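Q: After the structure tokens below, expect a handful of questions from me.
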Amino acid sequence: DSPLENGNPCNECSSCKGILSNTIMDIVEIDAASNNGVENIRELRDEISYTPANVKYKIYIIDEVHMLSTSAFNALLKTLEEPPAHVIFILATTEFHKLPATIVSRCQRFDFGKIDASVICDRLVQVAKAENIDADEDALFVMAKLSAGGMRDALGYLELCAGVSGKIDGKTASSILGVSPYDSLLSVVDAVCSKNIGAVFS
4 DSPLENGNPC NECSSCKGIL SNTIMDIVEI DAASNNGVEN IRELRDEISY TPANVKYKIY
64 IIDEVHMLST SAFNALLKTL EEPPAHVIFI LATTEFHKLP ATIVSRCQRF DFGKIDASVI
124 CDRLVQVAKA ENIDADEDAL FVMAKLSAGG MRDALGYLEL CAGVSGKIDG KTASSILGVS
184 PYDSLLSVVD AVCSKNIGAV FS
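Counting from 4, one number per residue, gives the positions in the sequence shown under this note's numbering.
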């Protein structure tokens with residue numbers, strides 16, 4: 004059976020199940036923020052000569068790739084120029100402009116947009132339920148909006164709020180996360196529009 008259904012993992016076949024349970028060793032994630040030296044890339048170059056054991060390709064995901072040193076980029080470049088047929092590199096970064104042109108020219112680029120607040124909110128509902136966190140929808144929506152499209156940030160806000168308060172409502176979440184209530188913002192805008200300096204400062 005194909006592990007893909009309409010381009011998405013099926014999560015049913017042995018490959019998908021192995022990836023989900025982290026038992027397939029052919030998929031390697033490297034954090035370039037803490038493994039950014041040339042010696043780390045040299046180790047990687049030694050490893051890629053081995054063929055995959057469980058799936059069709061060996062996949063190397065290099066996260067925060069912009070953190071690699073110049074010498075590490077140069078070492079990686081040699082591998083990207085002539086990669087073995089059984090190896091795929093995925094270079095992930097939030098700061099694309101920091102990548103050398105020589106690296107960029109040897110890659111396909113895929114830009115991922117921000118996640119809609121409603122999708123983030125739905126995920127936060129699932130996580131809160133699974134972790135027995137008492138948070139209402141107003142609170143979760145505050146976290147989703149504040150995350151500005153970043154799921155990891157939203158989950159971090161949920162964890163922060165859960166660590167501070169047992170029951171989280173919109174007001175509590177706004178207070179913990181330093182978000183001004185909507186009414187306060189509206190009052191400031193009204194005061195600015197009416198040129199009421201005293202009201203702005205109060």
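The C-beta atom is built at its ideal place from N, Cα and C for all residues, glycine as well. Bear in mind the structure is a predicted one, so any value in this text is a computation, not a measurement.
Could you pull the start and end residues of the alpha helix (DSSP H) that Asp186 belongs to?
A: 185-196
Q: For Gly181, name the three-state secondary structure that DSSP assigns.
A: It is coil, neither helix nor strand.
Q: With distances taken from CA atoms, which of Pro55, Leu83, Gly173 is nearest Pro184?
A: Gly173
Q: Just confirm the distance between the C-beta atoms of Leu102 and Val68, as a whole number of angstroms; I'd bet it's less than 8 angstroms.
A: Val68 and Leu102 do touch by the CB rule: their CB atoms are close to 7 angstroms apart, below 8 angstroms.
Q: Label Asn39 either buried or exposed according to how many other C-beta atoms from any shown protein chain fall within 10 Å of its C-beta, with 16 as the threshold for buried.
A: Buried.
Q: What's the C-alpha gap between Asp66 and Pro86?
A: 19 angstroms
Q: Can we say the region 72-92 touches the region 112-120, given the rule of at least three CB pairs closer than 8 angstroms?
A: no
Q: In whole angstroms, give me the CA-to-CA distance for Thr82 and Ile44.
A: Whole-angstrom Cα-Cα distance: 9 angstroms.
Q: Report the three-state DSSP secondary structure of Asp139 (helix, strand or coil).
A: The DSSP-derived three-state label of Asp139 is coil.
Q: Is it the case that the region 162-172 contacts the region 127-142, given that we only count it when at least three CB pairs across the two stretches are under 8 angstroms?
A: Contact holds: three or more Cβ-Cβ distances are below 8 angstroms.
Q: If you run the structure through DSSP and keep just helix, strand and coil, what is Phe144?
A: DSSP places Phe144 in helix when its eight states are reduced to three.
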